[in-house]
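Just so you know, we're using my numbering here: the sequence shown kicks off at 1075 and counts up by one.
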Amino acid sequence: MCKGQPMPQPMFCLGGYELNRYHTYPHSNGFTVDGRQMIVMQMMPDHTSLWLLTTELLDTSPQSISPGRRIASFDLPQPVRDKKPIPIWPDIALNKNILTVSVQDSIWLLNLDDIGSKPQLIYVAPQGWQLADLTSLKPDASAVCFGVYDQTNSISRCMEIDLQTLQPRMLLEDDTRLINHFHYSPYDPDWIGFAHEGPATEIPDRVNGYHPTLAPNGRCLFDQQSAEPGKLLAVGHERWCYDQPTAIAVAYGASPAGPRGIYRIFADASESAQLISQADRDWHCNVSRDGKHMVVDTSGPSDQPGCGWDEAGNVSDVVYLDPATGQRTLLSRTKLATHPWHPHPTFSPDGRWVFFNDFNGDTNNPRGRVGCVCVDALS
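If you want it as structure tokens, here you go:
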């Protein structure tokens, strides 16, 4: 349970609900190399556009950040009201301003340094294969990895495209499980993290890694055995770290036994997974570039009893976590929503700001915006 009080710094919003915006997925990077700009998506009924916001202005002239500069747009008609929205989740390479994004059955590449350039189509999923909605770029932008799935034959593949030749190759195939959420380790991109997808309470091997020599067939990295024999932790939303060859992941409140909360997982299996901080409502997690700060969002109010979605109401909290002590501080409170408006908190590259999606709570006219809170006082 989070016992901290809301920080004195107010939440600042990068535009209003009328823009209907959100930021990218937790294990994707949404910032340019210099850390001065951030990518956000603006979702309209017939298209979704990508915008760059100059977030370095947060300290001096925050009101001038929005609406930002539109850099691309994709025809993407949204479903009617009773269906879920169709989000897209760009990724920017850590060391080069190259962006990739999966849009339905295609992957597009955009050079952010070439102002006015258009997205380049680099891949179309073969007939009968479904393209995953997440891509991941190597830090140097030399390659992009992603998943494809043959639903008819229940085959999952991890693919990689060399961005010099644009030639795709298969890295991993699995015909027994649905695997997805492929993303390079920022610390050692020879490691690619991936997930065994499915109901969290039924999956015993959620967190996996691929390495061309150490784990060429992929391997499970997290023994999900709980403190009670025979009961497994329900695990998900893994995110690989920047400062060491580890990942962090959430043991959800839905776990039949504990300890629940945020765990550190070691790629080389040199150590068993370590509990960083115990909590019963953690949902998504993220980590700063230096590894000294973490953040989670929650399934329900962090300051109230209950596990997972029990008595969650319409609340999701954004909570700062000190991994050295496990201490938690409530940053902000927003409303529960479907994708793309899960809070999905993330740190700015310098670790000074936490950005997250803020949902308006209106099921008849669902809209979102991107909020942020300064965490200087916790550094």
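Glycine is no exception: its CB is placed at the ideal position from the N, C-alpha and C atoms. These numbers come from a predicted model, not from an experiment.
Item: Leucine 1205 and serine 1176 closer than 8 angstroms at C-beta; Value: yes
Item: Inter-residue Cα distance where the pair is arginine 1313 and cysteine 1359; Value: 7 angstroms
Item: Three-state secondary structure (DSSP) of proline 1200; Value: coil
Item: beta-carbon glycine 1104 near the ligand ADP non-hydrogen atom, thresh 7 angstroms; Value: By its list of ligands, the structure shown contains no ligand whatsoever, and the ligand ADP lies outside what it can speak to.
Item: Three or more C-beta pairs below 8 angstroms linking the segment 1339-1347 and the segment 1122-1140; Value: no
Item: Exposed unless 16 or more other CB atoms sit within 10 angstroms - verdict on glycine 1283; Value: buried
Item: Beta strand (DSSP E) segments (min. 3 residues) lying fully within the segment 1121-1189; Value: 1121-1128, 1143-1149, 1172-1177, 1180-1185
Item: For isoleucine 1277, the first and last residue of its enclosing beta strand (DSSP E); Value: Here isoleucine 1277 belongs to no beta strand (DSSP E), and DSSP marks it neither H nor E.
Item: Buried/exposed call for histidine 1189, threshold 16 Cβ in 10 Å; Value: The identity of residue 1189 in the sequence shown is isoleucine, whereas the question assumes histidine. Isoleucine 1189 comes out exposed.
Item: 6 angstroms CB neighbourhood of arginine 1441 in its chain, flanking five on each side removed; Value: Tyr1091, Asn1094, Asn1434
Item: Length of the line joining the Cα atoms of valine 1393 and valine 1222; Value: 34 angstroms
Item: CB of leucine 1395 within 8 angstroms of CB of valine 1428, strictly; Value: no
Item: Nearest-angstrom beta carbon gap, cysteine 1232 and isoleucine 1181 [assumed within contact, 8 angstroms]; Value: About 14 angstroms; that fails the 8 angstroms criterion.
Item: Segment limits, beta strand (DSSP E) that includes leucine 1246; Value: 1241-1248
Item: Segment limits, beta strand (DSSP E) that includes cysteine 1448; Value: 1442-1448
Item: Helix, strand or coil at glycine 1091 according to DSSP, with G and I counted as helix; Value: Here the sequence assigns tyrosine to residue 1091, which means glycine is not the residue at that position. DSSP places tyrosine 1091 in helix when its eight states are reduced to three.
Item: Delimiting residues of the beta strand (DSSP E) encompassing histidine 1270; Value: 1266-1270
Item: Serine 1390 burial status per 10 Å Cβ neighbour count (16 or more: buried); Value: buried
Item: Cβ-based neighbour list, arginine 1251, same chain, cut-off 6 angstroms, excluding 5 preceding and 5 following; Value: His1270
Item: Range covered by the beta strand (DSSP E) that runs through aspartate 1236; Value: 1229-1236
Item: Member of His1311, Leu1184, Asp1297, Val1444 whose CA lies at the smallest distance from the CA of glycine 1272; Value: His1311
Item: Straight-line gap, leucine 1150 to proline 1286 (C-alpha atoms, nearest Å); Value: 36 angstroms
Item: Secondary structure of alanine 1215, DSSP reduced to three states; Value: coil
Item: Length of the line joining the Cα atoms of tryptophan 1163 and isoleucine 1350; Value: 28 angstroms
Item: Cut-off 6 angstroms between Cβ atoms - residues of its own chain near threonine 1412, not counting five sequence neighbours on either side; Value: Lys1158
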